[in-house]
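In the UniProt record's numbering, the protein residues as written are 1 to 226. Glycine is no exception: its CB is placed at the ideal position from the N, C-alpha and C atoms. Heads up, the thing below is written out as structure tokens.
Next comes the structure, spelled out in structure tokens:
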């Protein structure tokens with residue numbers, strides 16, 4: 001994925017912070033005008049919607065993760081029969097993991113979680129009540145790794161993962177439009193890398209990949225006492 005491709009996947013505010021962090025003084029209006037001139041951004045730009053949210057309390061990195069499934073089965077033929085993507089996000093750092101799935105059985109979801117757990121494990125993980133998360137094999141994996149799993153009890157489900165899921169889906173569709181293809185599988189980890197490298201307002205404009213044990217307490221203090 002080229003730098004130009006990555007820039008097209010960013011929203012104006014995110015691109016503004018990245019460009020100016022590099023020492024280039026470019027205004028928000030100029031950035032928005034440039035993005036609107038790009039066909040793939042204009043075509044895939046989604047209208048603003050207000051989402052009902054609940055406050056999620058998390059004490060630091062990997063204290064609480066959200067997980068959900070992205071349904072892309074209409075593009076499975078172009079993507080080696082992968083139909084879904086497991087979307088996992090750390091609610092504190094907003095760090096994102098994406099794992100492709102050929103189906104949403106307990107076996108497939110368990111295998112995807114195992115790959116993520118080789119990097120790091122959460123204390124708790126929240127999902128909706130999908131059978132893929134409640135399956136015996138998935139539950140056994142959580143238990144054996146000391147991960148407490150719970151299902152959301154209201155219509156908000158795993159709201160962090162759902163919002164990130166929509167963001168990534170928009171990036172994928174912009175990629176489709178720009179490159180005239182429906183093949184995303186080779187670039188899936190690039191979408192995650194782009195997201196993890198993008199500054200977040202809730203993190204004091206720090207990127208998820210840059211949240212660490214040194215700045216963790218500062219971010220927590222800002223979010224609790226602001």
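Element boundaries [beta strand (DSSP E), containing residue 99]: Start at 1 with the first residue of the chain shown, and residue 99 comes out as number 99. DSSP places residue 99 in the uninterrupted beta strand (DSSP E) bounded by 96 to 101.
Between the alpha carbons of residue 184 and residue 167, how many angstroms are there, rounded? Indexing the chain shown from 1 puts residue 184 at position 184. Indexing the chain shown from 1 puts residue 167 at position 167. Roughly 15 Å between the two C-alpha positions.
Decide yes or no for the touch test of the segment 97 to 117 against the segment 140 to 152: beta carbon pairs closer than 8 Å, at least 3 of them. Flag = yes, the segment 97 to 117 and the segment 140 to 152 touch.
Residue range of the unbroken beta strand (DSSP E) whose run includes residue 127: Sequence index remark: in the chain shown, residue 127 carries index 127 (1-based). Element bounds for residue 127: 124 to 127.
Nearest-angstrom Cα separation, counted from residue 192 out to residue 215: Counting from 1 along the chain shown, the entry for residue 215 is found at position 215. Counting from 1 along the chain shown, the entry for residue 192 is found at position 192. Approximately 22 Å, taken between the alpha carbons.
Excluding sequence positions up to five away, which residues of its chain have a Cβ less than 8 Å from the Cβ of residue 50? What you label residue 50 is simply residue 50 of the chain shown in a count that begins at 1. Below a pLDDT of 50, predicted positions are generally treated as unreliable, and residue 50, at 46, falls in that range; no measurement from the model is reported.
Do you know offhand how far residue 169's Cα is from residue 98's? The residue labelled residue 169 in the question sits at position 169 within the chain shown. The residue labelled residue 98 in the question sits at position 98 within the chain shown. When rounded, the distance between both Cα atoms is 12 Å.
Could you check where the beta strand (DSSP E) with residue 150 kicks off and where it finishes? Reading the chain shown from its first residue, position 150 is the one you call residue 150. Residues 148 to 151.
Under the DSSP definition of a beta bridge, which residues are partnered with residue 67? As a working mapping, residue 67 is identified with position 67 in the chain shown. According to DSSP, which records beta bridges pairwise, residue 67 is partnered with 88.
Given this structure, state the Cα-to-Cα distance separating residue 107 from residue 200, to the nearest angstrom. As a working mapping, residue 107 is identified with position 107 in the chain shown. As a working mapping, residue 200 is identified with position 200 in the chain shown. Cα-Cα distance, rounded: 34 Å.
Neighbour-count burial assignment, residue 53, 16 or more Cβ in a 10 Å radius: By 1-based counting over the chain shown, the position of residue 53 is 53. Residue confidence is low: residue 53 scores 47 on pLDDT, short of 50, so the model does not pin down where it sits. Its coordinate-derived value is still stated next. Residue 53 comes out exposed.
Between the CA atoms of residue 62 and residue 120 - distance to the nearest angstrom: Residue mapping note: residue 120 aligns to position 120 of the chain shown, counting from 1. Residue mapping note: residue 62 aligns to position 62 of the chain shown, counting from 1. If I take the Cα positions, the gap works out to 8 Å.
How would you write the range of the alpha helix (DSSP H) that residue 185 sits in, first residue to last? Looking up residue 185 in the chain shown gives position 185. Careful: residue 185 lies outside any alpha helix (DSSP H) and carries neither H nor E.
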